[in-house]
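**Q** Positions in the sequence shown are counted from 1; adding 3 to them yields full-length UniProt numbering.
Glycine included, every Cβ here is placed at the ideal spot set by N, Cα and C.
One structure, pasted below without further comment.
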Amino acid sequence: TPFDTPDVTLITPTATVATPTHGGRAKCLQRLVRLNLPVPQTVALSFSTVHQIATGVLPDVDGILQRFKDGCLLCVRPSSEDPDWGGPGAVLNIGMNDARFVELSDRIGADAAAQIYKRFVQTYAIHVARLDPDIFDDIADDGQIGLGQSLRAYEDEAEEGFPQSPARQLAEVLRSMARAWEGTTARLLRQAKGAPMDAGLGLVVQEMALGLGQGECGSGVLQLVNSRTGENQITGRYLSQSQGREALDGGTRALFLERDPRGPSLEELAPEAFAELNAHAALMRQRLREEMQIEFTIENGELHILDGVRAKRSPQAAVRISVALAEDGIIPRHEALLRVDPHALTELLHRQVADDADRDVLGAGIAASPGAATGRIVFTAADAQASAARGEACILVRRETAPEDIRGMHAASAILTERGGMTSHAAVIGRGMGLPCIVGAARMKFHVQRKKLISEDGRSLSEGDIITIDGTSGQILAGAPKMVEAAQDDVFRTLMSWADAERDIGVRANADTPADAQTARNFDAQGIGLCRTEHMFFEEDRLTPMREMIFANSAQDRKATLALILPMQRADFTELFRIMQGQPVCIRLFDPPLHEFLPHDRAGLRDMAEALDMPVSEVTRRVESMGEYNPMLGMRGVRLGVTVPEIYDMQARAIFEATLDASRDGAPVVPEIMIPLVSAKREVEIVRTRIDAVAAAVRNERGKDFTYRLGVMAETPRACLRAEEIAQHAHFLSFGTNDLTQMTYGLSRDDAGRFMSDYVKLGVFNEDPFHVLDTDGVGELVKLGVQRGRAGREGITMSVCGEHGGNPESIAFCRAVGVDYVSCSPFRVPIARLSAAQLAI
Ligand code: PEP
Ligand code: MG
4 TPFDTPDVTL ITPTATVATP THGGRAKCLQ RLVRLNLPVP QTVALSFSTV
54 HQIATGVLPD VDGILQRFKD GCLLCVRPSS EDPDWGGPGA VLNIGMNDAR
104 FVELSDRIGA DAAAQIYKRF VQTYAIHVAR LDPDIFDDIA DDGQIGLGQS
154 LRAYEDEAEE GFPQSPARQL AEVLRSMARA WEGTTARLLR QAKGAPMDAG
204 LGLVVQEMAL GLGQGECGSG VLQLVNSRTG ENQITGRYLS QSQGREALDG
254 GTRALFLERD PRGPSLEELA PEAFAELNAH AALMRQRLRE EMQIEFTIEN
304 GELHILDGVR AKRSPQAAVR ISVALAEDGI IPRHEALLRV DPHALTELLH
354 RQVADDADRD VLGAGIAASP GAATGRIVFT AADAQASAAR GEACILVRRE
404 TAPEDIRGMH AASAILTERG GMTSHAAVIG RGMGLPCIVG AARMKFHVQR
454 KKLISEDGRS LSEGDIITID GTSGQILAGA PKMVEAAQDD VFRTLMSWAD
504 AERDIGVRAN ADTPADAQTA RNFDAQGIGL CRTEHMFFEE DRLTPMREMI
554 FANSAQDRKA TLALILPMQR ADFTELFRIM QGQPVCIRLF DPPLHEFLPH
604 DRAGLRDMAE ALDMPVSEVT RRVESMGEYN PMLGMRGVRL GVTVPEIYDM
654 QARAIFEATL DASRDGAPVV PEIMIPLVSA KREVEIVRTR IDAVAAAVRN
704 ERGKDFTYRL GVMAETPRAC LRAEEIAQHA HFLSFGTNDL TQMTYGLSRD
754 DAGRFMSDYV KLGVFNEDPF HVLDTDGVGE LVKLGVQRGR AGREGITMSV
804 CGEHGGNPES IAFCRAVGVD YVSCSPFRVP IARLSAAQLA I
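Here it is, written out as structure tokens:
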């Protein structure tokens with residue numbers, strides 16, 4: 004018989020059925036059979052059998068039929084390896100024909116029998132014989148009349164009577180389901196969900212429990228948790244006199260499972276079956292080690308379990324369910340960790356557009372910072388501040404943002420820019436602040452001067468119009484769609500504490516301000532891995548001294564203006580040290596080109612002339628003289644430190660004085676100081692000599708000792724190549740993979756957004772390399788840098804502080820090449836902690 008072959012298998016506790024050969028549904032049904040649950044007789048067809056069927060080679064269909072009770076009806080359901088890959092719809096009531104209609108009419112009544120037959124004729128016609136569904140448009144609702152009409156419609160269209168042989172019906176159903184799986188559209192759809200080219204389909208043939216007839220009959224689904232929250236709650240639907248998943252589409256006709264004031268429930272209609280169902284569900288949870296949704300049928304009061312599928316769950320529910328399974332001792336903690344997708348945590352850390360919200364899409368760009376926010380459009384940073392002052396949420400819309408927009412960005416609820424990529428200014432700041440942000444929305448038109456924004460489909464939006472930025476998907480939406488709130492609860496914290504116990508790579512946060520540092524602590528970062536100090540200079544009270552310093556004619560004048568900034572910087576650092584309570588704080592010395600601090604428009608030039616008491620023409624001339632063609636590769640980073648050393652001197656002094664201030668009543672603080680954009684050993688030597696001198700001076704003045712660690716950012720290709728000699732002067736190397744990506748590809752961080760989506764769509768790049776580390780190219784340099792750096796100095800600390808530090812795939816690479824810790828935006832710290840734990844398990 005065919006049942007001796009592994010390809011057509013009667014599901015028994017001992018049969019050989021496996022997910023990779025028969026699919027997940029077949030395997031799950033076998034587990035239910037092993038638990039002794041009331042599962043109707045089931046036969047599983049393997050992937051190879053189904054593939055053969057698609058090519059025209061049928062298995063022994065009569066043999067399959069012989070495994071079932073004479074005269075029973077059958078259903079066939081798909082069983083792919085991963086249920087998410089989809090599959091053809093189930094076909095119920097196979098075997099129904101004129102003779103069985105008569106038999107069944109005696110047993111369950113003519114109307115119920117006619118319903119079943121009619122439904123089968125229509126399903127078979129549309130999905131198996133592929134007749135036009137319109138032929139059934141005018142069929143009567145009434146069971147018996149409708150049945151006659153359906154049979155006639157079939158006969159007219161197919162030019163033959165409805166097939167009466169159960170064997171032929173089953174063969175045709177198997178063939179059509181097998182072919183549907185092999186179709187191009189179905190293949191492309193499942194490949195988009197991650198299925199391999201050759202993903203197989205199994206089929207299960209199961210005896211029907213009818214759900215229609217005398218006594219309490221019906222069908223439904225039940226699960227023990229709420230899919231949205233993950234909390235324990237019996238949920239599902241039940242519909243009397245129904246089959247399959249009708250209860251789910253049954254609308255108001257469907258009943259609640261538990262006693263409910265709104266109407267009768269399954270618990271009242273069939274208390275014994277309900278109690279049994281709950282007991283089975285609990286057993287399934289325990290033994291299948293998963294929250295399942297049970298598909299069941301009640302036939303004259305008797306319960307049948309047809310199927311179990313993994314209960315659907317929101318990210319929030321996924322966390323709660325995993326933690327509960329581990330706390331109940333059903334799965335080990337490390338498995339709970341593996342079951343939560345780190346990417347999905349984003350949704351717990353930010354407000355999101357609800358899944359079922361209506362989306363009126365105005366345009367799309369690069370999803371640069373996740374979360375969603377609604378507000379009125381404003382086109383300038385000043386308007387954003389004014390809006391915030393009125394207590395009105397606003398969305399800051401700019402062609403791109405510049406450091407001078409920072410206050411407006413703080414005031415806005417979200418940011419939208421025409422230009423830019425994953426590591427441009429708006430994106431980095433947005434992520435740092437946890438502010439939803441979309442950049443590079445180049446297909447929309449940004450008439451910022453005229454205060455108009457034109458959607459991709461030509462709709463014109465003005466200042467004050469309400470839009471929503473969905474920074475998770477990258478969509479710009481009209482109006483205010485429904486949102487779901489962020490949910491970081493105790494359960495989330497529990498999961499995170501388990502993650503920390505597993506992982507073997509550190510996670511710090513990139514934090515520039517006390518507020519960022521506080522967020523970093525809230526997310527349990529192990530210190531600050533990158534403090535971009537330049538962000539401290541855009542406060543109003545610092546900008547003017549900063550500009551005076553930039554225009555200073557001599558080192559002496561420069562020092563004098565920097566002296567005004569020194570106490571503010573000292574206060575900044577003291578505050579950071581205080582918040583971080585002894586955790587490491589890595590401060591990067593000033594990095595951007597100085598002209599970023601100068602005004603770009605006439606009004607700004609006039610303001611600056613007034614503040615510095617200079618003629619506008621002179622200010623304009625000097626601003627222009629400082630312009631660079633390619634500022635990202637120009638006078639910035641350590642190049643400034645070498646040629647305008649007073650800035651680094653001031654910063655080093657502020658750091659050391661803050662170190663002593665913050666160490667006064669606690670454990671001594673050991674600051675980390677980092678030099679950006681290094682490409683040559685000599686740069687480090689020069690800066691290090693001066694910083695050591697400042698340290699000596701502060702020790703002398705204060706009569707107190709302290710230590711500090713000096714490190715280098717490896718963010719130019721040359722720094723990676725020459726890491727061995729550079730490491731001799733550094734306690735640590737931190738790979739700035741943003742600049743390193745920019746320089747390795749020769750791809751501007753600020754302009755890449757224009758063509759990045761096309762490049763990814765065309766498959767030129769698999770992913771945006773500013774988002775997911777390019778392990779082949781940029782990663783190769785990181786790997787070399789780590790190896791050479793370690794060769795140059797034993798025990799040197801290695802880290803990655805570019806945006807990639809918060810990306811799970813990139814973290815895997817960092818860990819593999821021996822990086823000690825990653826540092827990322829505070830809001831991505833939990834994602835990094837979980838990813839790191841999963842890698843270590
Ligand atoms: C980097 O380049 O990766 C980095 C962390 O520094 P920034 O983004 O400030 O240039
Ligand atoms: Mg950099």
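Is DSSP giving His283 helix, strand or coil here?
**A** For the purposes of this step, residue 283 is taken as residue 280 along the sequence shown, with counting starting at 1. Three-state result, His283: helix.
**Q** Relative to the C-alpha of Asn703, which candidate in Gly669, Leu663, Pro674 and Ile689 has its C-alpha closest?
**A** Residue mapping note: residue 703 aligns to position 700 of the sequence shown, counting from 1. Taking only the C-alpha atoms, the option nearest Asn703 is Leu663.
**Q** Give a yes or no on contact between the region 673 to 680 and the region 584 to 594, applying the rule of three or more CB pairs nearer than 8 Å.
**A** Yes, they touch.
**Q** Please name the residue, chosen from Gly411, Ser83, Val715 and Glu249, that lies closest to Val641 on a Cα-to-Cα basis.
**A** Position 638 of the sequence shown holds residue 641. Per the Cα distances, Val715.
**Q** If I follow the unbroken beta strand (DSSP E) through Gln296, where does it start and stop?
**A** By 1-based counting over the sequence shown, the position of residue 296 is 293. It spans Met295 to Glu302 - the beta strand (DSSP E) in which Gln296 sits, taken as one unbroken run.
**Q** State whether the region 172 to 182 contacts the region 24 to 38, with contact taken as three or more CB pairs (one from each stretch) at a distance under 8 Å.
**A** Touching, no.
**Q** Which residue from Glu219, Asp252, Ile472 and Ala57 puts its Cα closest to that of Ala276?
**A** The residue given as residue 276 occupies position 273 in the sequence shown. For Ala276, the nearest C-alpha among the options comes from Glu219.
**Q** Any chance the CB of Asp742 is under 7 Å from a heavy atom of the ligand PEP?
**A** In the sequence shown, counting from the first residue as 1, residue 742 sits at position 739. Asp742: yes, Cβ under 7 Å from the ligand PEP.
**Q** In angstroms, rounded to a whole number, what distance separates the CA positions of Leu204 and Ala314?
**A** Indexing the sequence shown from 1 puts residue 204 at position 201. Indexing the sequence shown from 1 puts residue 314 at position 311. Roughly 21 Å between the two C-alpha positions.
**Q** Count the other C-beta atoms from every protein chain shown that fall within 10 angstroms of the C-beta of Asp140, then say buried if there are 16 or more, exposed otherwise.
**A** On the sequence shown, residue 140 is found 137 positions in, with the first residue counted as 1. It counts as exposed.
**Q** Starting from the N-terminal side, write out each stretch of the alpha helix (DSSP H) that is 4 residues or longer and does not extend beyond the region 111 to 172.
**A** Qualifying alpha helix (DSSP H) stretches, in chain order: 113 to 126 and 146 to 161.
**Q** At which residue ranges does the UniProt domain "PEP-utilising enzyme mobile" (396 to 477) contain complete beta strand (DSSP E) runs of 3 or more residues, listed in the order of the chain?
**A** As far as the UniProt domain "PEP-utilising enzyme mobile" (396 to 477) is concerned, its whole beta strand (DSSP E) runs of at least 3 residues are 397 to 401, 417 to 420, 440 to 442, 448 to 450, 455 to 457, 463 to 465 and 469 to 473.
**Q** Alpha carbon to alpha carbon, what distance is there between Ala429 and Ala755?
**A** Position 752 of the sequence shown holds residue 755. Position 426 of the sequence shown holds residue 429. Ala755 and Ala429: Cα-Cα distance of roughly 14 Å.
**Q** Between Glu718 and the ligand MG, is there a pair consisting of the residue's CB and a ligand heavy atom that are separated by less than 7 Å?
**A** Within the sequence shown, numbered from 1, the residue matching residue 718 stands at position 715. For the ligand MG, at least one heavy atom lies less than 7 Å from the Cβ of Glu718.
**Q** Whole angstroms is fine: what's the gap from Ser828's alpha carbon to Gly809's?
**A** One-based indexing of the sequence shown puts residue 828 at position 825. One-based indexing of the sequence shown puts residue 809 at position 806. When rounded, the distance between both Cα atoms is 7 Å.
**Q** Three or more beta-carbon pairs under 8 Å between the region 491 to 510 and the region 342 to 362, yes or no?
**A** Contact holds: three or more Cβ-Cβ distances are below 8 Å.
**Q** Would you identify the three-state DSSP class for Thr800, choosing helix, strand or coil?
**A** The residue labelled residue 800 in the question sits at position 797 within the sequence shown. If DSSP states are grouped into helix, strand and coil, Thr800 belongs with the strands.
**Q** Answer yes or no: do Thr471 and Val364 have a C-beta to C-beta separation smaller than 8 Å?
**A** Here residue 471 refers to the residue found at position 468 of the sequence shown. Here residue 364 refers to the residue found at position 361 of the sequence shown. Against a cut-off of 8 Å, the Cβ pair of Val364 and Thr471 comes out as no contact.
**Q** Can Glu293 and Ile844 be called in contact, C-beta distance under 8 Å?
**A** Position 290 of the sequence shown holds residue 293. Position 841 of the sequence shown holds residue 844. Contact: no.
**Q** Return yes when the C-beta of Cys804 is under 7 Å from any heavy atom of the ligand PEP, and no when it is not.
**A** Start at 1 with the first residue of the sequence shown, and residue 804 comes out as number 801. It does: the Cβ of Cys804 is within 7 Å (strictly closer) of some heavy atom of the ligand PEP.
**Q** Under the criterion of a Cβ to heavy atom distance below 7 Å, does Thr426 qualify as lining the ligand PEP?
**A** Numbered from 1 along the sequence shown, position 423 holds the residue referred to as residue 426. Checking the Cβ of Thr426 against the ligand PEP gives yes.
**Q** Reducing DSSP to helix, strand and coil, say where Ala94 ends up.
**A** In the sequence shown, residue 94 corresponds to position 91, counting from 1. According to the sequence provided, residue 94 is Val. The question's Ala does not apply to it. Of the three classes helix, strand and coil, the one that applies to Val94 here is strand, per DSSP.
**Q** I'd like to confirm something about Val431: is its beta-carbon nearer than 7 Å to some heavy atom of the ligand PEP, or not?
**A** Here the question's residue 431 lines up with position 428 in the sequence shown. Yes, since a heavy atom of the ligand PEP falls inside the 7 Å radius drawn around the Cβ of Val431.
**Q** Report all residues from its chain with a CB closer than 7 Å to the CB of Ile268; omit the five preceding and five following residues, and keep chain order.
**A** Translated into positions along the sequence shown, residue 268 becomes position 265. Position check: residue 268 holds Ser in this sequence, whereas Ile was assumed. Same-chain partners within the cutoff: Leu258, Phe259, Leu260, Glu261 and Arg262.
**Q** Run through DSSP, which three-state label would Pro62 get?
**A** Working through the sequence shown from its first residue, we reach residue 62 at position 59. The answer is coil: DSSP assigns Pro62 none of H, G, I, E or B.
**Q** Any heavy atom of the ligand MG closer than 7 Å to the beta-carbon of Pro595?
**A** The residue given as residue 595 occupies position 592 in the sequence shown. Checking every heavy atom of the ligand MG against the Cβ of Pro595, none is found closer than 7 Å.
**Q** What are the boundary residues of the alpha helix (DSSP H) that includes residue 1?
**A** The shown model of the chain, from 4 to 844, leaves out residue 1, and the question about it has no answer.
**Q** Please determine whether the Cβ atom of Arg535 lies at a distance below 7 Å from any heavy atom of the ligand PEP.
**A** Locating residue 535 in the sequence shown gives position 532, counting from the first residue. Yes, Cβ of Arg535 sits closer than 7 Å to a heavy atom of the ligand PEP.
**Q** According to the neighbour-count rule (16 or more other Cβ atoms, all chains shown, within 10 Å of its Cβ), is Val20 buried or exposed?
**A** Here residue 20 is taken as the residue at index 17 of the sequence shown, counted from 1. Classification of Val20: buried, given that the 10 Å Cβ count is 16 or more.
**Q** Give a yes or no on whether the C-beta atoms belonging to Asn96 and Leu68 are separated by under 8 Å.
**A** Start at 1 with the first residue of the sequence shown, and residue 96 comes out as number 93. Start at 1 with the first residue of the sequence shown, and residue 68 comes out as number 65. Cβ distance not < 8 Å, so Asn96 and Leu68 don't count as in contact.
**Q** Among residues of its own chain, excluding the 5 on either side of Arg342, which ones have a beta-carbon nearer than 6 Å to its beta-carbon?
**A** Taking the sequence shown and counting its residues from 1, one reaches residue 342 at position 339. Ser325.
**Q** Excluding the 5 residues flanking Val687 on each side, which residues of the same chain have their C-beta closer than 7 Å to its C-beta?
**A** For the purposes of this step, residue 687 is identified with residue 684 of the sequence shown, where counting begins at 1. Contacts found: Ile678, Val681, Val715, Ile729, His732 and Ala733.
**Q** So what does DSSP say about Glu704, is it helix, strand or coil?
**A** The sequence position of residue 704 within the sequence shown is 701, counting from 1. DSSP places Glu704 in helix when its eight states are reduced to three.
**Q** For a quick check, are the C-beta atoms of Ile658 and Phe576 less than 8 Å apart?
**A** Within the sequence shown, numbered from 1, the residue matching residue 658 stands at position 655. Within the sequence shown, numbered from 1, the residue matching residue 576 stands at position 573. Yes, the Cβ-Cβ distance between Ile658 and Phe576 is below 8 Å.
**Q** Report buried or exposed for Arg639, applying the criterion of at least 16 other Cβ atoms within 10 angstroms of its Cβ.
**A** Walking along the sequence shown from the start, residue 639 turns up at place 636. It is buried - the Cβ of Arg639 has at least 16 other Cβ atoms within 10 Å.
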